[in-house]
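What follows is a set of notes on a single structure, which appears directly below.
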């Protein structure tokens with residue numbers, strides 16, 4: 207052995223720390239695996255309960271079924287006593303809707319809030335630790351009739367509801383009482399707290415083997431003062447404010463609608479008085495009341511009480527013509543026009559056709575009279591116009607006939623043709639008017655009377671007048687006709703001769719006291735002349751060449767000729783000039799009562815003489831129209 211020689215020992219290996227690290231890694235991996243395994247499970251952890259009901263290891267569906275079954279078995283054993291000061295009320299479990307449908311999900315979620323902790327939570331629960339699965343308050347059903355009943359009783363007993371502002375209209379003032387502060391309970395907070403308290407009551411009931419269990423819930427923290435809400439002044443104004451509306455006639459039903467007074471208030475004054483008033487104090491502000499000028503009662507008393515104007519015409523001619531006049535007049539009878547509305551004769555009567563009962567009667571076609579459906583319908587339009595001329599109503603459209611008519615004075619007729627020429631006037635008054643027509647027989651004659659009924663609020667009245675001028679006497683024309691006996695002249699008795707003339711028409715408007723207000727120029731009506739027409743035998747030659755009214759001697763054997771001496775003397779032919787001159791009608795403007803004037807129907811020719819003619823190529827509709835220039 208050699209002295210002084212030492213062997214150097216190798217240092218021991220670092221196996222300890224490595225083992226610890228490896229062990230820690232293994233444990234960490236194992237823990238991560240446990241967390242992953244726990245997270246992958248769909249069952250409640252051990253020692254998890256819902257309302258004291260053990261649901262360990264159950265799926266969410268199994269939890270829901272178990273909880274529901276257990277609570278059904280418990281019945282009303284669980285209850286919550288709600289209290290506030292001296293008041294109390296009981297809420298029973300079988301009448302309180304819990305979040306049972308969410309219990310399963312809540313139970314399975316216990317301990318699984320975070321991935322890295324759910325492994326620890328599992329081990330804790332496995333070792334005997336337990337948790338109660340609690341559903342969120344927001345998951346509790348909102349519809350709780352029993353809870354609302356209990357809270358309503360609380361409010362009624364303790365005066366919870368705030369006294370809001372109230373108002374009442376008394377005459378021309380608005381009386382308002384300011385609200386007072388009250389108390390209210392936070393229902394949502396009560397609902398959440400009651401759900402937790404009910405869960406505790408169920409735990410106690412389950413723990414006691416189904417014995418009744420009641421928990422306490424003090425509502426004091428959930429009761430708050432409730433000051434009165436300020437009124438919605440804008441809405442209040444809209445509710446109270448009304449525009450004044452006069453009573454009027456409904457345009458559809460013609461019934462009288464009731465008027466209403468206008469109501470207004472100073473909104474700024476109302477708000478100012480409210481702010482200055484104390485709680486529970488009553489104050490008032492004035493209302494501005496505007497009375498309706500026209501009530502239902504006053505309007506009904508005024509309607510159609512005055513005859514604004516009237517006219518009468520004699521209906522001559524054939525029975526068919528009289529029928530047509532009556533039909534057209536009846537179509538206008540009772541026609542009501544509201545203020546501003548326009549009367550249209552064509553629009554009121556419609557087309558005058560056979561299916562409506564109109565018959566063939568004389569009309570004008572190309573200046574000649576002939577029968578067609580609807581002849582005579584211009585007499586009602588003219589008579590209505592004549593009546594309107596005795597009112598202050600506005601004339602909108604009017605046309606005169608080709609030839610002067612005999613049933614109304616010159617310048618006061620109105621011809622119509624459906625689809626072309628119309629007679630229209632406007633109700634320019636402030637009240638409804640009504641057209642009233644009447645056909646009647648008197649002393650063997652037919653008459654048509656038209657009245658315009660309305661309300662003459664200002665007493666004004668009108669008188670029409672006319673001036674006739676530019677008279678043109680009928681000429682004489684001769685037309686050959688081989689059927690006429692030699693040496694004679696035959697007057698065409700269907701084509702009456704008419705004097706041509708013009709008529710300037712005015713309407714004078716007077717105040718109630720007779721003061722002239724306005725002179726209206728209604729224009730000039732031009733009426734054509736129609737000649738006397740004679741037919742002669744062409745063998746006699748043109749009568750204008752005859753000597754002393756006698757045709758030249760015939761070269762034919764006189765023995766075979768009718769003795770000219772027996773020929774009716776043309777001079778004895780009915781002289782058309784002896785017909786009553788239509789212009790001789792008494793001027794209606796000089797008569798106070800239009801009905802008292804000399805009947806214009808007695809002047810001039812009768813029947814077809816007064817009718818207007820068809821437009822060329824148009825027939826069968828019976829309308830009358832002047833010829834175009």
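In the working numbering, the protein residues as written are 207 to 835. Each residue gets a CB set at the ideal place from its N, CA and C atoms; glycine is no exception.
Distance between residue j and residue i (C-alpha atoms, nearest Å)
i, j, result
"residue 588", "residue 619", "4 Å"
"residue 753", "residue 747", "11 Å"
"residue 565", "residue 586", "16 Å"
"residue 221", "residue 237", "24 Å"
"residue 392", "residue 422", "17 Å"
"residue 603", "residue 591", "10 Å"
"residue 398", "residue 346", "7 Å"
"residue 487", "residue 384", "6 Å"
"residue 880", "residue 579", "The chain is shown from 207 up to 835; residue 880 falls before or after that span and cannot be answered."
"residue 334", "residue 369", "56 Å"
"residue 734", "residue 651", "28 Å"
"residue 515", "residue 659", "7 Å"
"residue 349", "residue 283", "22 Å"
"residue 226", "residue 403", "50 Å"
"residue 321", "residue 239", "11 Å"
"residue 743", "residue 675", "37 Å"
"residue 648", "residue 691", "42 Å"
"residue 633", "residue 595", "13 Å"
"residue 550", "residue 572", "26 Å"
"residue 411", "residue 363", "31 Å"
"residue 492", "residue 669", "51 Å"
"residue 435", "residue 371", "8 Å"
"residue 224", "residue 233", "14 Å"
Span of the alpha helix (DSSP H), counted from its first residue to its last, around residue i
i, result
"residue 735", "From DSSP, residue 735 is part of no alpha helix (DSSP H); its letter is neither H nor E."
"residue 600", "Looking at the DSSP string, residue 600 is not in any alpha helix (DSSP H); the run it does join, the beta strand (DSSP E), is 600-603."
"residue 493", "Per DSSP, residue 493 belongs to no alpha helix (DSSP H); it is in the beta strand (DSSP E), 488-496."
"residue 246", "221-246"
Neighbourhood of residue i by C-beta, 7 Å cutoff - its chain only, sequence neighbours within 5 removed
i, result
"residue 552", "622, 624 and 628"
"residue 847", "There is simply no residue 847 to check, as the chain begins at 207 and stops at 835 in what is shown."
"residue 414", "none"
"residue 281", "300"
"residue 324", "241, 244, 245, 317 and 318"
"residue 680", "703, 704, 705, 735, 736, 737, 738 and 782"
"residue 772", "With a pLDDT of 42 at residue 772, under the threshold of 50, the modelled position of this residue cannot be trusted, and the question is left open."
"residue 352", "297, 301 and 302"
"residue 473", "439 and 443"
Residue interval of the beta strand (DSSP E) (run including residue i)
i, result
"residue 707", "706-716"
"residue 389", "388-391"
"residue 356", "No beta strand (DSSP E) holds residue 356; the alpha helix (DSSP H) holding it covers 351-364."
"residue 379", "379-383"
"residue 871", "For the chain, the structure presents residues 207 to 835; residue 871 sits outside this window and is missing."
"residue 376", "372-376"
"residue 695", "695-697"
"residue 685", "682-686"
Buried/exposed call for residue i, threshold 16 Cβ in 10 Å
i, result
"residue 617", "buried"
"residue 355", "exposed"
"residue 750", "exposed"
"residue 672", "buried"
"residue 576", "buried"
"residue 688", "exposed"
"residue 711", "buried"
"residue 775", "Here the model assigns residue 775 a pLDDT of 44, short of 50, so the residue's position is not dependable, and the following value carries that caveat. Residue 775 is exposed by the Cβ-count criterion."
"residue 291", "exposed"
"residue 427", "exposed"
Close beta carbons around residue i, own chain, < 6 Å, minus the five adjacent residues each side
i, result
"residue 405", "257"
"residue 381", "374 and 490"
"residue 614", "519, 588, 592 and 806"
"residue 449", "468"
"residue 377", "none"
"residue 408", "257, 258 and 284"
"residue 665", "718"
Beta-carbon contacts of residue i that lie in its chain and below 8 Å, excluding the five residues immediately before and after
i, result
"residue 504", "453"
"residue 498", "450, 451, 452, 453, 465, 466, 467 and 468"
"residue 677", "705, 706, 707 and 789"
Report task. Report the residue ranges of all beta strand (DSSP E) runs contained in full by the stretch 264-322; include only those spanning at least 3 residues, in chain order. Result -> 284-290 and 293-298
Report task. Mind listing, in chain order, the continuous alpha helix (DSSP H) runs of no fewer than 4 residues lying wholly within the stretch 506-543? Result -> 525-538
Query raised in the report: Which runs of the alpha helix (DSSP H) spanning at least 4 residues fall entirely within the stretch 407-444, listed in chain order?
Result: none
**Report entry** Continuous beta strand (DSSP E) assignments of at least 3 residues falling wholly in the stretch 626-679
**Finding:** Taking only runs of at least 3 residues, the beta strand (DSSP E) segments lying wholly in the stretch 626-679 are 630-632, 639-648, 651-660 and 667-678.
Query raised in the report: At which residue ranges does the stretch 538-586 contain complete beta strand (DSSP E) runs of 3 or more residues, listed in the order of the chain?
Result: 548-550, 566-571 and 574-579
Requested in this report: List in chain order: all unbroken beta strand (DSSP E) runs of 3+ residues lying wholly within the stretch 458-483.
Outcome: 468-471
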